[in-house]
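Peer 1: Could you have a look at this structure, given as structure tokens, before my questions?
Residue numbers (the working numbering): 20 to 159.
So, in structure tokens, the structure goes:
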């Protein structure tokens, strides 16, 4: 399970260092893809990526196609180099509005990479949803 956040820089070649604890859990190769309707990059282990893809294939064709166009088609298998850097494709960086700084966020079974300012704007825009979501939880 992934949790926590870290601020990282993106080098001139479009590479970012993922936290060691995340890399250990992801394995030697894993996938990066466009976010699910949010301007970020998804990072998933091979197992989680394959699970998502199998779920997509079970959907009605109209739903499956849009997910294939926006998620599956953008997915790239990557491996960290010896310094732990991962190459983020330019198209994914542009979609996520990533320049030189990245916020790496652990979200249970996947990781998201965001522009810090875009993430802050997104979270602020979701405050009403947050109150409703918290109200749905039981802390006992």
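For every residue, glycine included, the Cβ atom is placed at its ideal position computed from N, Cα and C.
Confirm, please, whether the CB-CB distance from residue 72 to residue 93 is below 8 Å.
Peer 2: As a first step, residue 93 is located in the chain shown; it is residue number 74 there, counting from the start. As a first step, residue 72 is located in the chain shown; it is residue number 53 there, counting from the start. No, the Cβ-Cβ distance between residue 93 and residue 72 is not below 8 Å.
Peer 1: Which residue marks the beginning of the alpha helix (DSSP H) containing residue 61, and which one marks its end?
Peer 2: Counting from one through the chain shown, the residue named residue 61 turns up at place 42. It is not in any alpha helix (DSSP H) - residue 61 instead sits in the beta strand (DSSP E) that spans 60-64.
Peer 1: Compare the beta carbon distance of residue 48 and residue 65 with 8 Å and say whether it is the shorter of the two.
Peer 2: What you label residue 48 is simply residue 29 of the chain shown in a count that begins at 1. What you label residue 65 is simply residue 46 of the chain shown in a count that begins at 1. In contact: residue 48 and residue 65 (Cβ atoms closer than 8 Å).
Peer 1: Taking residue 85 as part of the alpha helix (DSSP H), name the residues at either end of that continuous run.
Peer 2: Indexing the chain shown from 1 puts residue 85 at position 66. Start and end: 80-89.
Peer 1: Less than 8 Å separating the beta-carbons of residue 21 and residue 50?
Peer 2: Taking the first residue of the chain shown as 1, we reach residue 21 at position 2. Taking the first residue of the chain shown as 1, we reach residue 50 at position 31. Not in contact: residue 21 and residue 50 (Cβ atoms no closer than 8 Å).
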